[in-house]
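Residue numbers for the sequence shown follow this note's numbering, beginning at 70 and rising by one.
Each residue gets a CB set at the ideal place from its N, CA and C atoms; glycine is no exception.
To keep things clear, I will list the structure first and then write my remarks on it.
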Amino acid sequence: MEITDIKIRKIITEGRLRAVVSMTVDHMLAVHDIKVVQGDERLFIAMPSRKDENGVFRDIVHPILPDARKMIEESILDAYQKHLALAEVEAQEAAAQEKSESSEA
């Protein structure tokens, strides 16, 4: 199994939910609504789930093997960290551009 694409769909700044992600596997299967969650100790991912008739959330899609979960989680968290770093660089560049434009005026 190869993760061929990871898209950070939404970044959230309040609460424990940090992002909503989509993942493509082997260019053939898309999994949407994977959540990046801030736990007490670390970030982790939560697979797409729905509430059953008893009010219990059940994963709709999930890896079977622990190694598969680890690989998926590491790949998604790496993409999330890179997305945040890129957004920070872009924000700094925009601020520098604004400062440059205001000092020229």
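In this structure, the CA atom of Arg-111 is about 36 Å from the CA atom of Lys-168. Check the Cα spacing between Glu-71 and each of Arg-138, Val-105, Arg-85: the tightest is with Arg-138. Each of Leu-134, Leu-146, Ile-103, Tyr-149 was checked against the Cα of Asp-128, and the nearest Cα belongs to Ile-103. Around the beta carbon of Leu-146, a 10 Å sphere encloses 16 or more other beta carbons of the protein chains shown; the residue is thus reported as buried. Bounds of the beta strand (DSSP E) holding Met-92 are 86-94.
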